Every structure is written in C-alpha cells, then in structure tokens.
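In terms of full-length UniProt numbering, the sequence shown opens at residue 1 and continues consecutively.
Structure first, commentary second.
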Amino acid sequence: MDYIVLDIEFNGRKFASDLPMEVIEIGAVRLDASLNVVDEFTDFIKPVYFAKLNSFIQKKTGIPQESIDAAAGFPKVIRAFLAWLGKCEQPLLIAWGGEDLKRIVLDTRMHKMDDAYWLAIPCFDLLKGFLRVRGLTNDVSVEAALTDLGLSSEGSAHRALDDARMTADIFRKVYGQLDFSFVTHYKDQFTNAKERRLVKNAIRLLRSQKLEPTWESFAEHVLKDKVKLDDPRKEAELKSYFQAELEKKSAKPAHAGPKAKKDDRQEDGAADPASVQTTGIAGVTPNGREDDAREADGLQEQE
1 MDYIVLDIEF
11 NGRKFASDLP
21 MEVIEIGAVR
31 LDASLNVVDE
41 FTDFIKPVYF
51 AKLNSFIQKK
61 TGIPQESIDA
71 AAGFPKVIRA
81 FLAWLGKCEQ
91 PLLIAWGGED
101 LKRIVLDTRM
111 HKMDDAYWLA
121 IPCFDLLKGF
131 LRVRGLTNDV
141 SVEAALTDLG
151 LSSEGSAHRA
161 LDDARMTADI
171 FRKVYGQLDF
181 SFVTHYKDQF
191 TNAKERRLVK
201 NAIRLLRSQK
211 LEPTWESFAE
221 HVLKDKVKLD
231 DPRKEAELKS
241 YFQAELEKKS
251 AKPAHAGPKA
261 KKDDRQEDGA
271 ADPASVQTTG
281 IAGVTPNGRE
291 DDAREADGLQ
301 EQE
C-alpha cells in the first residue's frame with residue numbers, strides 16, 4: 001500500500017462571483033507501507049478565471065505571479081499527476097480535511113474531464129483522524145497540530161508541497177493511533193465551511209443559554225436571512241449536520257488528549273489500513289479516458 005499525502009492551493013477573489021475558484025498548485029508526498037518518503041509531486045496551474053493573483057493570496061502563499069503566468073493549465077497538470085499516481089500500489093489518499101480532493105473534483109468537472117478516478121480512490125481525512133486521536137471536536141490547522149505533537153515546522157505554510165510534507169509528518173507521528181475504519185470515498189457536498197460553522201456556533205450559543213435548539217427554530221431564526229435553502233440537497237445536508245452536532249459531547253480543551261506515543265506503529269483498537277478495503281479503483285486507472293473537450297466567503301482563502 002502507498003499513502004499519498006495531498007495538499008493544494010487555490011486562488012481567491014475579493015468579491016462575490018459565480019465564477020469558480022481554481023487549483024493553482026498541487027503538492028503530494030508518496031509514502032510506502034513503512035511510511036518512508038519514496039517520491040514527491042508538485043506543479044503550478046494557470047487558472048482560467050482570476051489568473052492574476054490578488055495581493056492577499058500572493059502574501060499568504062508566497063507564489064510569484066510569474067510562476068502562475070508560466071504554468072500549464074489544469075488538464076495538462078492533472079494528467080501528469082494522474083500518471084504519477086499510476087506508479088502507486090493500492091493508493092490511499094491522505095489529506096487535511098476534505099477541501100483538497102473537493103477542489104480537484106470540481107476543477108476536473110469544470111474542464112469536462114473524467115472524474116471516475118477521484119470518485120473511486122479511497123481517502124482518509126487526517127484532520128478528523130487527528131481530532132479523534134487527541135479527543136478534540138474543534139478543527140485545528142496543520143501548524144497547530146505540529147505544535148501539539150512537538151514537531152518542527154519546516155518549509156513555507158500554504159505552499160502545496162511543504163504543506164503535504166508537514167501533513168505527512170503528522171501522519172507518521174499518529175499513525176499507530178489512527179482508526180482506518182474511517183477510510184471513505186469522495187462525496188459531493190452542497191454546504192460550505194461558513195454555513196457549517198454557523199450551525200456549530202448557533203448550537204453552542206443556544207446551549208450556553210440553557211436552550212435546547214431545534215431544527216425548525218434554527219432554520220426560521222438563524223438560517224432564514226443568512227443561507228439560501230433553494231436547493232433541497234443543501235437543506236437536507238445542513239439538517240443532517242445540525243442533528244450530528246446536537247449529538248456531540250462538549251468539546252475538550254486543546255491539548256487535553258493523550259500525547260501521541262513515540263515510535264508507536266499500531267495500538268489496540270485502531271484499524272489497520274491493510275485490513276481496510278482500499279481497492280475501490282477497480283477498472284479505473286489514473287490514465288483512464290478523459291473528455292478533452294463554492295464557496296464565496298470573503299477572499300475565499302483555504303484554511
């Protein structure tokens with residue numbers, strides 16, 4: 001089995017727009033079954049829209065405009081990435097949250113390319129895995145996780161390959177405590193991070209006031225003027241998220257969980273990734289057929 005630790009950077013905008021944001025950099029680290037780095041992939045992508053990076057994105061990522069101007073478009077770069085993935089044996093995609101794979105799927109569809117590989121590849125959300133290991137419920141950044149685990153941060157944050165390397169460091173550190181029964185596949189989302197955060201914060205506020213929130217009152221008094229519920233799939237997803245948040249226990253304070261043990265590879269109770277069905281790419285190769293033919297949150301930066 002190979003572990004593919006993925007990170008992407010995408011462009012942003014200073015105003016609301018129906019035009020999509022796009023991936024501008026891909027970084028990936030390939031780990032073998034012994035968690036050794038055996039290969040890396042990185043490349044810039046020139047987007048179709050918002051090809052001129054705004055000052056915020058330039059400052060945040062440090063990506064020079066010249067690098068974007070000279071880059072190839074998404075179809076060429078993603079084909080090269082798929083060819084690189086084709087060298088892997090039983091790949092399991094590892095990412096910090098679900099946004100990276102989501103952005104690749106969205107861009108693949110925008111360019112009218114075949115998304116079958118991305119829907120079939122098994123993936124593991126390391127952010128959620130880390131939160132389970134540490135006993136936390138609030139999301140944390142890669143940098144915060146490194147600090148929590150006593151790991152040094154090398155490279156530049158918000159550069160795809162450097163972030164992938166740092167994420168790989170976290171993966172190795174907590175590997176023995178991860179529950180790989182949570183391996184899953186890509187699923188379309190119809191809500192965005194801002195909307196889900198609104199749900200979480202509203203529930204927390206109401207409970208602090210000794211009030212038990214209900215979906216009906218939440219939809220009427222909170223969502224009504226802030227979120228468009230014209231898509232029934234979005235409403236159903238938000239309602240499901242609302243119910244899931246209601247069932248959660250109170251969040252534990254940061255750093256309250258047990259420290260990750262040094263040199264641990266596998267602990268009792270954690271599912272072995274080798275025992276998890278990860279051969280869901282049957283009949284779909286990275287070089288499969290391609291037809292060549294979001295979130296609007298302020299600057300839309302990636303967290």
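Note that CB positions come from ideal geometry on N, CA and C, so glycine has one too.
Model, not experiment: these values are computed from the prediction.
Using the Cα positions of residue i and residue j, report the straight-line distance between them to the nearest angstrom.
i	j	result
Ile4	Leu211	44 angstroms
Leu6	Ala95	5 angstroms
Phe10	Ile57	9 angstroms
Leu136	Ala70	42 angstroms
Met166	Arg207	36 angstroms
Val63	Asp162	Before going on, a small fix: residue 63 reads as Ile here, not Val. Those two C-alpha atoms are separated by around 13 angstroms.
Ser152	His158	16 angstroms
Val77	Thr42	9 angstroms
Leu149	Glu220	42 angstroms
Val38	Asp179	24 angstroms
Ser67	Glu22	15 angstroms
Lys59	Tyr186	31 angstroms
Ser156	Val142	12 angstroms
Asp115	Ala80	15 angstroms
Arg132	Gln177	9 angstroms
Out of the options, state which residue places its alpha-carbon closest to the alpha-carbon of residue i.
i	options	result
Pro75	Ile24, Val133 and Ser152	Ile24
Asp107	Thr42, Gly73, Ala16 and Ala164	Gly73
Ala144	Cys123, Met113, Asp169 and Glu235	Asp169
Lys228	Phe81, Ala80, Glu195 and Leu127	Glu195
Phe182	Ile104, Phe124, Val48 and Pro47	Phe124
Glu89	Pro122, Gly129 and Val105	Pro122
residue 306	Tyr175, Ser55 and Leu126	Limits of the chain in this structure are 1 at one end and 303 at the other, which puts residue 306 out of reach.
Leu101	Phe218, Gly86, Leu126 and Lys200	Leu126
Phe15	Ile8, Phe50 and Leu93	Phe50
Lys173	Thr147, Thr184 and Arg197	Thr147
Glu40	Asp225, Ala164, Thr184 and His111	Ala164
Between residue i and residue j, which are expected to be in contact by the criterion C-beta below 8 angstroms, what is the C-beta distance as a whole number of angstroms?
i	j	result
Pro160	Gly27	Residue identity differs from the one stated: residue 160 is Ala in this sequence, not Pro. Confirmed, about 3 angstroms.
Pro91	Asp2	5 angstroms
Ala202	Val222	5 angstroms
Gln65	Leu82	Wrong, their Cβ atoms sit about 27 angstroms apart, outside the cutoff.
Trp84	Ile104	Not quite, the Cβ-Cβ distance comes to about 13 angstroms (not below 8 angstroms), so this is no contact.
Leu198	Lys226	7 angstroms
Is it buried or exposed for residue i, if we count other Cβ within 10 angstroms and need 16 for buried?
i	result
Met113	buried
Gly12	buried
Arg30	buried
Asp230	exposed
Leu205	exposed
Thr214	exposed
Thr61	buried
Pro47	buried
Gln209	exposed
Arg134	buried
Glu216	exposed
Does at least one heavy atom of the ligand SAM sit under 7 angstroms from the Cβ of residue i?
i	result
Val5	The ligand SAM is absent from the structure shown, which contains no ligand whatsoever.
Notebook entry, point to check: Should the segment 181–200 be regarded as contacting the segment 230–240, the criterion being three or more beta carbon pairs within less than 8 angstroms?
Noted result: yes
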